[in-house]
Amino acid sequence: PPNEGDPLANGEPATLDVSIAAKRAMLLNGGVALWDAIESCDIKGSSDASIRNVVPAHIERITGNAPIELVVCNGGTAGRLYKRYLKERTGLPTVVLPSTSPANAAWRLERLVERWREAVDWIAR
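Take any residue in the sequence shown, count from 1 to its spot, add 84: that is its number in our numbering.
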């Protein structure tokens, strides 16, 4: 299923170009670095609760080469994994936002867009 985070960039899902090239351009133009907290792990399906044998990402590849000021985690699991395995290595402040995963049924798209937009506006100050 599509990740609900895709339309969060502008809040207008009907007009959003979801191609990989467009997403890459949006991130680069916005000064955003996208990196996973986990290099690899054992997982059953897409169940975060089943994550085992975590190998943390080599985040220094990006933090050592780019002026990263803040880490924004997409959901509680990403936040916990970042804090457990990577925060000490980066020393960067962290913001955890609601997950844009389709599994996060507690948040309607409109509410996710609002929360992410608030965070982006606050960060941009």
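Idealized CB from N, CA, C, for every residue including glycine. Quick caveat: nothing in here was measured; it's all calculated off a predicted structure.
Item, Value
"Are the beta-carbon atoms of Trp119 and Ala133 separated by less than 9 Å?", "no"
"Which of helix, strand or coil does DSSP assign to Arg145?", "helix"
"Just how far apart, CA to CA, sit Gly148 and Leu111?", "18 Å"
"When the distance is taken between beta carbons, is Val102 closer than 9 Å to Ile122?", "no"
"Going by DSSP, what residue range makes up the alpha helix (DSSP H) through Ile207?", "Leu193 to Ala208"
"Grouping DSSP H, G and I as helix and E and B as strand, with all else coil, what is Glu153?", "coil"
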